[in-house]
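Student: When we follow my numbering, the leftmost residue of the sequence shown carries the number 1213, and every step to the right adds one. One structure coming up, written as structure tokens, with questions to follow.
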Amino acid sequence: MSHDGKDISGSELDVMRHSAAHVLAKAVQRLYPGSKLGIGPVIENGFYYDIDVPSKLGEDDLPRIEAAMREIIAAEEPFKREEWSKQQALEHYSSRDDNPYKREIIEALSEDESISVYWTGSDWVDLCRGPHIPNSAGLGAFKLTTVAGAYWRGDEHRPMLQRIYGTAWQTQEQLEHYLEQVEDAKRRDHRRIGKELDLFTFSDLVGPGLPLWLPKGATIRRELERWVTDLELERGYQHVITPDVAKVEMYKVSGHWDHYKDVMFPVMEDGEEQLVLRPMNCPHHIQVYRHEKRSYRELPMRIAEFGTMWRYEKSGELSGLSRTRRMDLNDAHIFCTPDQIQDEIVGVVELIEHVYSVLGIADHWYRLSLWDPSDKEKYVDNPEMWDRGEQYLKDAMARLSLDYVVAPGEAAFYGPKIDIQLRDPLGHSETISTIQVDFHLPSQFQLEYVGEDGQFHRPVMIHRGVIGTLVRMIAYLIEKYAGAFPLWLAPVQAVIVPIADRHVDYALSVASELRRSGFRVDVDRRREKMQAKIRDAQAQQVPYMLVVGDRDQQAGTVSVRERRQGDLGAQPLAEFVHSMQERRAAYR
Ligand code: TSB
Ligand code: ZN
1213 MSHDGKDISG
1223 SELDVMRHSA
1233 AHVLAKAVQR
1243 LYPGSKLGIG
1253 PVIENGFYYD
1263 IDVPSKLGED
1273 DLPRIEAAMR
1283 EIIAAEEPFK
1293 REEWSKQQAL
1303 EHYSSRDDNP
1313 YKREIIEALS
1323 EDESISVYWT
1333 GSDWVDLCRG
1343 PHIPNSAGLG
1353 AFKLTTVAGA
1363 YWRGDEHRPM
1373 LQRIYGTAWQ
1383 TQEQLEHYLE
1393 QVEDAKRRDH
1403 RRIGKELDLF
1413 TFSDLVGPGL
1423 PLWLPKGATI
1433 RRELERWVTD
1443 LELERGYQHV
1453 ITPDVAKVEM
1463 YKVSGHWDHY
1473 KDVMFPVMED
1483 GEEQLVLRPM
1493 NCPHHIQVYR
1503 HEKRSYRELP
1513 MRIAEFGTMW
1523 RYEKSGELSG
1533 LSRTRRMDLN
1543 DAHIFCTPDQ
1553 IQDEIVGVVE
1563 LIEHVYSVLG
1573 IADHWYRLSL
1583 WDPSDKEKYV
1593 DNPEMWDRGE
1603 QYLKDAMARL
1613 SLDYVVAPGE
1623 AAFYGPKIDI
1633 QLRDPLGHSE
1643 TISTIQVDFH
1653 LPSQFQLEYV
1663 GEDGQFHRPV
1673 MIHRGVIGTL
1683 VRMIAYLIEK
1693 YAGAFPLWLA
1703 PVQAVIVPIA
1713 DRHVDYALSV
1723 ASELRRSGFR
1733 VDVDRRREKM
1743 QAKIRDAQAQ
1753 QVPYMLVVGD
1763 RDQQAGTVSV
1773 RERRQGDLGA
1783 QPLAEFVHSM
1793 QERRAAYR
């Protein structure tokens, strides 16, 4: 395993992690006789093993198990592969090691299949496809992280096993780096911060994946929405408002019914009528396009909306605000001629880059998401169309000198995309912004415009989201800023702290002055000590705390504290308002 100090590859790391799972299982069986093994796969950054342990394990037990694992590592036990027949394997798991879980796995294999097992030392064996590291001494740095209940085969009607999670790395340094990253991610977790800062909540009575925005979270949303809408209006987009539902018929025409039905909410039916919540806004915008006969003079026509979409994501895949069932997309559909595609894509990329730079996002990268010709269910079957779309996207990226990665099987059902990828604090990548070229929907809905030649032509559609869905973008921003939103987005921009009751009237007049200048401010009138009020405002990540006492009241000043720089001293109120205005504007 040493490889002369060079980094091992991802697959080698996986082999090592899988071997760590075996060592874990051996250690558990040694410490807890009668433990029956389930399965123990490799996962991102580590491994787990599901084990039916006679006693209930807690996190306190993990150090003891780690110590037993270290003994196995110190004993330098070789991993040895052996092939068994199905009969032999069944016998082993009935007599030597009575284990119904392994028997169930073996039963499912065909008669003539040879079954591989791996020995760790000469006294412990496990059913396994392999491969493994040659010797337990080759295990790098590891740590057991958590233990949780897990139903056998994920089925709640079957027994519950105990799942022990671990992480394993080539070196101690890498392990520590990872553990720090996990701590940082916990600190930044938008679900936690969302609760602490009262941004949003969920309710059992409303349902999973359906966030309720609280006033402070709604403020952030409104600011983002206003800002991006203004940017779009400046760039010739036309904003519309269209309904969240439509007849099923429309989605039969668009192809959503054939290719996207799995993600749609169930249909609402009453006699003849069949309505469904929209999973995308495109078909509605197409109806806006079709509202009138269009001429080439109107193109490119950029129809935009913060459109509400409903997607019936699997409950296991829902996660805070990152993946929800109701979302508002900063959507637009650009109807244009083939000659205009290039310029439009370039314009959208420039808008995205502008928005990202204002938000301080710099670590994004571009992904060309293509179809998978073998997946007839997911994609419209029209190879010529896919090639054409791909070429337009590639040409646009070449013109912009953008580097990109290619991802087959990540396209929309109707066309290829440029996705802009970002990483969350744990390093998972996700798509927020997207640009998609579509020849399919214009043809399904028979879209037309009258060209310069007086003939009818078919427009092309570009689907695009700049800040993506507000939910996912805000989840990302909460984690990026760790809750400390820049001044213009902060739900409360300043808290005014009167030192004593006699300063409340002055505090209120300071608040009105700031509100008149368009700032969001609170006066903390609680009967608490000034220090406690400052601490609370600081915990809420409020950018400014304005303490007012006798001297401020007489001189018309405020004593300014900034959330990071601390005490900035007393300033005349007018001067402070002016500097706030400048700082707010500087962010955009
Ligand atoms: C851009 N019709 C296009 C639109 O015109 C469309 O809907 N594209 S999409 O399917 O890729 O969705 C756009 C963006 O919505 C995605 O890039 C992603 O950032 C976001 N998104 C998708 N599903 C969810 C979800 N369940 N929760 C939150 N955001 C989501
Ligand atoms: Zn669309």
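Beta carbons are placed, not taken as given, at the ideal position from N, Cα and C, and that holds for glycine.
Out of D1264, T1413, V1709 and D1734, state which residue places its alpha-carbon closest to the alpha-carbon of Q1743.
Tutor: Within the sequence shown, the letter at position 531 stands for residue 1743. The option with the nearest alpha carbon to Q1743 is V1709.
Student: Between which two residues does the beta strand (DSSP E) harbouring C1548 extend?
Tutor: Numbered from its first residue, the sequence shown carries residue 1548 at position 336. Element bounds for C1548: R1538 to C1548.
Student: Whether or not the region 1397-1411 and the region 1530-1543 are in contact is what I'm after, with contact meaning three or more pairs of Cβ atoms, one per stretch, closer than 8 Å; do they touch?
Tutor: As far as the Cβ criterion goes, the region 1530-1543 touches the region 1397-1411, which means the pair count is three or higher.
Student: When the Cβ atoms of the region 1420-1432 are set against those of the region 1278-1289, are three or more pairs found closer than 8 Å?
Tutor: No: the two stretches stay apart, fewer than three of their Cβ pairs being nearer than 8 Å.
Student: Alpha carbon to alpha carbon, what distance is there between A1624 and W1583?
Tutor: Numbered from its first residue, the sequence shown carries residue 1583 at position 371. Numbered from its first residue, the sequence shown carries residue 1624 at position 412. Spanning the two alpha carbons is a distance of roughly 8 Å.
Student: Given that a residue counts as buried once 16 or more other Cβ atoms are within 10 Å of its Cβ, and exposed if not, what is D1216?
Tutor: As a working note, residue 1216 is residue 4 in the sequence shown. Annotation note: pLDDT 43 at D1216 (below 50); position unreliable, coordinate value reported separately. D1216 comes out exposed.
Student: Confirm, please, whether the CB-CB distance from F1697 to I1327 is below 9 Å.
Tutor: In the sequence shown, the residue the question calls residue 1327 occupies position 115. In the sequence shown, the residue the question calls residue 1697 occupies position 485. Going by C-beta atoms, I1327 is not nearer than 9 Å to F1697.
Student: Which residues in the same chain as Q1552 place their Cβ atom closer than 7 Å to its Cβ, once the five residues preceding and following it in sequence are excluded?
Tutor: As a working note, residue 1552 is residue 340 in the sequence shown. Around Q1552: L1511 and P1512.
Student: Helix, strand or coil for V1567, going by three-state DSSP, please let me know.
Tutor: Position 355 of the sequence shown, counted from the start, is the residue given in the question as residue 1567. Of the three classes helix, strand and coil, the one that applies to V1567 here is helix, per DSSP.
Student: In angstroms, rounded to a whole number, what distance separates the CA positions of D1575 and Y1756?
Tutor: Counting from 1 along the sequence shown, the entry for residue 1575 is found at position 363. Counting from 1 along the sequence shown, the entry for residue 1756 is found at position 544. Cα-Cα distance, rounded: 29 Å.
Student: Near K1355, which residues of its chain fall below 6 Å by C-beta distance, leaving aside the five closest residues on each side in sequence?
Tutor: Taking the sequence shown and counting its residues from 1, one reaches residue 1355 at position 143. Correct list, in chain order: T1379.
Student: Between F1668 and Y1508, what straight-line distance do the alpha-carbon atoms span, to the nearest angstrom?
Tutor: Translated into the one-based positions of the sequence shown, residue 1668 becomes position 456. Translated into the one-based positions of the sequence shown, residue 1508 becomes position 296. If I take the Cα positions, the gap works out to 10 Å.
Student: Cα-Cα, which of I1630, L1612 and D1540 is closest to Y1578?
Tutor: Residue numbering aside, residue 1578 sits at position 366 when the sequence shown is read from its first letter. The residue with the shortest Cα to Cα distance from Y1578 is I1630.
Student: Quick check on the DSSP output: the alpha helix (DSSP H) that includes T1643 runs from which residue to which?
Tutor: Your numbering for residue 1643 matches position 431 in the sequence shown. No alpha helix (DSSP H) holds T1643; the beta strand (DSSP E) holding it covers S1641 to D1650.
Student: Under the DSSP definition of a beta bridge, which residues are partnered with H1669?
Tutor: Counting from one through the sequence shown, the residue named residue 1669 turns up at place 457. DSSP, once it has assigned bridges, lists Y1661 as partnering H1669.
Student: Under 8 Å: does the beta carbon of H1496 sit that close to some heavy atom of the ligand TSB?
Tutor: Reading the sequence shown from its first residue, position 284 is the one you call residue 1496. Incorrect: H1496 has no Cβ contact closer than 8 Å to the ligand TSB.
Student: With a CB to CB cut of under 8 Å and the five nearest residues on each side skipped, what residues in its chain are close to R1727?
Tutor: If you number the sequence shown from 1, residue 1727 lands on position 515. These residues qualify, in order along the chain: V1733.
Student: Using 10 angstroms around the beta-carbon of A1797, count the other beta-carbons present and answer buried if the total reaches 16, otherwise exposed.
Tutor: In the sequence shown, counting from the first residue as 1, residue 1797 sits at position 585. Under this definition A1797 is an exposed residue.
Student: Where does V1704 fall in DSSP's three states?
Tutor: Position 492 of the sequence shown, counting from 1, holds the residue named residue 1704. Here V1704 sits in coil by DSSP.
Student: What are the boundary residues of the alpha helix (DSSP H) that includes G1366?
Tutor: In the sequence shown, counting from the first residue as 1, residue 1366 sits at position 154. G1366 -> no alpha helix (DSSP H), and no H or E assigned at all.
Student: Quick one: Cα of S1214 to Cα of I1251, how far?
Tutor: As a first step, residue 1214 must be located in the sequence shown, where it is residue number 2. As a first step, residue 1251 must be located in the sequence shown, where it is residue number 39. For S1214, the predicted model reports a pLDDT of 37, less than 50, meaning its position is unreliable; a value from the coordinates is still stated below. Going from the Cα of S1214 to the Cα of I1251 covers about 28 Å.
Student: Please state whether DSSP places G1778 in a helix, a strand or coil.
Tutor: Counting from 1 along the sequence shown, the entry for residue 1778 is found at position 566. Residue state, collapsed to three classes: strand.
Student: Going along the chain, which residues of its own chain have a beta-carbon closer than 6 Å to the beta-carbon of R1370, five neighbours each way excluded?
Tutor: What you label residue 1370 is simply residue 158 of the sequence shown in a count that begins at 1. Within the same chain, R1370 has close Cβ partners Y1363 and W1364.
Student: Please return the same chain residues whose Cβ sits closer than 8 Å to the Cβ of A1712, not counting the five positions on each side in sequence.
Tutor: In the sequence shown, residue 1712 corresponds to position 500, counting from 1. Closer than 8 Å at the Cβ level, and outside the excluded window around A1712, lie G1761.
Student: For the ligand TSB, is there any heavy atom lying closer than 8 Å to the beta carbon of G1429?
Tutor: Within the sequence shown, residue 1429 is the residue found at index 217, counting from 1. No, the beta carbon of G1429 sits no closer than 8 Å to any heavy atom of the ligand TSB.
Student: Using the C-alpha atoms, what's the distance from Q1393 back to K1692?
Tutor: Within the sequence shown, residue 1692 is the residue found at index 480, counting from 1. Within the sequence shown, residue 1393 is the residue found at index 181, counting from 1. The straight-line gap from Cα to Cα measures roughly 13 Å.
Student: Answer yes or no: do L1339 and K1298 have a C-beta to C-beta separation smaller than 9 Å?
Tutor: The residue given as residue 1339 occupies position 127 in the sequence shown. The residue given as residue 1298 occupies position 86 in the sequence shown. The answer is no: Cβ separation not under 9 Å.
Student: At which residue ranges does the region 1335-1364 contain complete beta strand (DSSP E) runs of 3 or more residues, listed in the order of the chain?
Tutor: 1337-1339 and 1353-1363, all fully within the region 1335-1364.
Student: Taking the C-alpha atoms as reference points, what is the distance between D1416 and R1293?
Tutor: Against the sequence shown, residue 1416 aligns to sequence position 204. Against the sequence shown, residue 1293 aligns to sequence position 81. Straight-line Cα distance between these residues: approximately 50 Å.
Student: Which word fits E1517, buried or exposed, when buried means at least 16 other C-beta atoms lie within 10 angstroms of its C-beta?
Tutor: Here residue 1517 refers to the residue found at position 305 when the sequence shown is read from its first residue. Classification of E1517: buried, given that the 10 Å Cβ count is 16 or more.
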